[in-house]
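Encoded as structure tokens, the structure appears first; notes follow it.
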Amino acid sequence: MDRRWLWLLAAALLVIAAAWLVRIPEAHAPLARPEVEMPRQLRPEERRRMLARLRPPVSDAGVHRNEVRDPMLAALSAGGGGSGVVLEVNALRNSPLGELLLQCLAGREGRGNALEALQRMGIDPLRDVDRVGITEHGIVVSGDFRRANWEGLLGSATGAPYGEHGQITAVDPRAEGGGTLVATRWGDSLLHLGDSAEDGRRIVDAVEGRGPEPRPLLSPEQSYGELYGVVSGADLARTLGGSEPWAAALVEAASRVEVHLDARRDVALVADVSGEDARKLEDLGKTLGGALALARAQARAQGDDDAAELLGFARVSPAHGNALSLEVALPLEAVAKRLTFCRWDADAGR
Amino acid sequence: MTPIAVALDLLREAAARRWFLALGLALTGLLLVLVTSLRLEVVDGALAASRLFGRPLDHSIQAADVALRPVFLAASQIVFWGGLGFGVLSCADFAPALLSPGRIEHLLSLPVRRWELLAGTFLGVLALAMTGAVYASAGLVLVLGAKTGVWTGWPVVSAVLSALAFGGVYAGMLAVTVWVRSAALSAAAGASLIALGLLATHRTALLDLMGRGPGRALFAGVTAVVPPLGKLADAAGALAASAPLAPGGLVRLLAGTVAFAGALLAVAVWRFDRRDF
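Residue numbers (the working numbering), protein chains in the order written: chain A, 32 to 381; chain B, -5 to 271.
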């Protein structure tokens, strides 16, 4: 080999050495954004689950309609509100994320926790509860409650009968002096906890297919993921807080947000934001994208690598027409890392 | 003739230049100003009063060495960045002068190998940078030591670090000059390397802001090799201020900077060997 080429060889080796040497090891290698499939539609097993949940209307429920319905989704739609979120407790329980959350709960609550109290009342939240739905009109819980000790739970084994399978029970006034809690049971598979008996009656009517059909909040086709739901722009602004002008601008841009979360392994969240004004929605998308990038840069500049890493998992897809998408793909390792404080608490308590 | 002899020749040439005379005078003047105007006796006096009365008179009082840390930190940053800037401007035409018609033919007619010429030029400039940095920092240490009784050698070590960082930059300037004999281009290359060194310092944060694509790959590739000058400056500041340093980090940074300079010098020698004069 020509001696002069040895200089180039030496240069190449030294460049490699320089690159290796100046790369000061980080405290921890950043986690890569996982290539997960975003929840966009019913997966085959979710379709089977959805079909198995559909029930025909009760036969002698007055003017009944022909179509089948999912009692949980019908109950959520009964209030006529614009927001409702469903948590697939059973599916989540059997996911890696559910395991982590349970460890966290056990670590924080200790052995004599709320789960055990419910188990003593005949409802094992980890086995008997299928789904929990939340709307502005209360909480709907579905599952298998045949072993439930209703007297222990609600203060009365039976309530005022309504409809074919409904029972409405007014529970003792709340300790903090609020209104009466009204529990509405539909058979042994659905329980609604709300503020008024009127809400309870509306829910039984909706589930049994009586009266005018309420505008569906979520269709069975939308019941995919371990968490799904819709949130109105106004409710979103209220939840996020912030100043009046900010909230007004948010409501004007985003009239509805549909959320789906897949937690089969890594956590994938999709929030589809829709609005009437395409231009405002586009601005909202750019604002969100910019805010994410800025927050990530700020977190990195302030040395908060954990927050920067977390923000790096979020992405805003540009608005197409009247919808934009916020996607978050969190590796399970990142979630586990965030929940390590539970383990420390548990260890400290031992 | 060896590289050392070439380096000494370069130092003689530098001594004849007004730039370096001006730098020496400016540094000496600055140190004299410090000697005559700093009222650091306040710190030492407060400590003496504490000893005399048995307890601190003012609870916010700090030990003299702690109080001086910001001074040493600021001085190290001035020496680091000021030294880099001054070095790029003042040393930009050493290599073009070496390669100037007439002189290079004369040098090549001497019993000297081509690589020795380049190595000698590089070592001469490095010695020059080292002398300036050490003179400034040692002078500051002497002034502050005499005023406060706080004697520390770390600011001098920090200055040596600055000179080594300039070595990485000057190697790039030298390599560019071997291709195009231009003092302006040499200075531009030095300035670009300083800018790249700053970008390399914040490489992770900047990569975080970039989308995937050829631009990001290019940036990642270039900044993976260039020494992160900001980290070197921080390390120099931490050394000067006797602040804690990440174990092993500084050694790697220095070794990386030396390897980077070596790579650029090797490229320069490769090109120099192939050129006809």
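Even for Gly, the Cβ is constructed at its ideal location relative to N, Cα and C.
Item                                                                                                                             : Value
CA-to-CA distance, Glu98(A) to Arg78(A), given in whole angstroms                                                                : 17 angstroms
Proximity test, Cβ basis, 8 angstroms: Leu168(B) and chain A                                                                     : no
Contacting residues, own chain, Cβ-Cβ under 6 angstroms from Asp293(A) (five flanking each side not counted)                     : Pro70, Gly256, Ala299
Proximity below 8 angstroms, CB of Thr251(B) to CB of Ala159(B)                                                                  : yes
Beta-carbon proximity of Ala41(A) to Ala182(B), cut-off 8 angstroms                                                              : no
Opening and closing residue of the beta strand (DSSP E) in which Ile170(A) lies                                                  : 169 to 174
Below-8 angstroms beta-carbon distance, Leu92(B) vs any chain A residue                                                          : no
Phe116(B): contacting residues in chain A (beta-carbon distance under 8 angstroms)                                               : The contacting residues do not exist; Phe116(B) stays about 14 angstroms from chain A at best.
Test: Leu52(A) CB closer than 8 angstroms to a CB of chain B                                                                     : yes
Where the beta strand (DSSP E) containing Ser186(B) begins and where it ends                                                     : Per DSSP, Ser186(B) belongs to no beta strand (DSSP E); it is in the alpha helix (DSSP H), 177 to 195.
Proximal chain B residues relative to Arg327(A), where beta-carbon distance stays under 7 angstroms                              : Asp202
Min CB distance Leu45(A) to chain B below 8 angstroms                                                                            : yes
Trp145(B) - DSSP class collapsed to helix/strand/coil                                                                            : coil
Interface flag, Ala365(A) vs chain D, CB-CB below 8 angstroms                                                                    : Structure shown: chain D not included; protein chains present are A and B.
Within-8 angstroms CB hit, Arg100(A) to chain B                                                                                  : no
Simplified DSSP assignment, three categories, for Gly115(A)                                                                      : strand
Three-way DSSP call (helix, strand, coil) for Gly260(A) in this model                                                            : strand
Terminal residues of the beta strand (DSSP E) in which Pro192(A) lies                                                            : 191 to 193
Counterpart residues of Ile165(A) in DSSP-defined beta bridges                                                                   : Val116(A), Ile170(A)
CB contact flag (Leu249(A), Val261(A), <8 angstroms)                                                                             : yes
Proximal residues of chain A, C-beta to C-beta of Asp267(B) below 9 angstroms                                                    : Arg34, Arg35, Trp38
Contact the region 85 to 101 of chain B vs the region 160 to 179 of chain B: 3+ CB pairs below 8 angstroms                       : yes
Beta-carbon separation (whole angstroms), Glu340(A) vs Ala365(A), contact threshold 8 angstroms                                  : 7 angstroms
Gly169(A) vs Asp159(A) beta-carbon contact at 8 angstroms                                                                        : no
Beta-carbon spacing of Ala280(A), Val290(A) below 8 angstroms                                                                    : no
Residue-chain proximity (Gly256(B), chain A), Cβ-Cβ < 8 angstroms                                                                : yes
Residues of the region 157 to 183 of chain A whose Cβ lies closer than 9 angstroms to any Cβ of chain B, in chain order          : none
Touch test, the region 6 to 14 of chain B against the region 309 to 328 of chain A, Cβ-Cβ under 8 angstroms, three pairs minimum : no
Residues near Ala268(A) by beta carbon distance below 7 angstroms, same chain, minus five either side                            : Ala278, Leu281, Val282
Residues near Leu244(B) in its chain [Cβ-Cβ closer than 7 angstroms; skip 5 each side]                                           : Ala229
Anticipated Cβ contact below 8 angstroms, Val171(A) with Ala83(A), distance rounded                                              : 18 angstroms between Cβ atoms; not a contact.
CA nearest to the CA of Ser70(B), picked from Leu26(B), Val174(B), Val128(B)                                                     : Val128(B)
Rounded distance between the beta-carbons of Leu258(A) and Leu357(A), thought under 8 angstroms                                  : Wrong, their Cβ atoms sit about 15 angstroms apart, outside the cutoff.
Rounded C-alpha distance that separates Ala121(B) from His196(B)                                                                 : 29 angstroms
Neighbour list for Ala48(A) in chain B, Cβ cutoff strictly below 7 angstroms                                                     : Ala253
Boundaries of the beta strand (DSSP E) in which Gly225(A) is found, first to last residue                                        : 221 to 225
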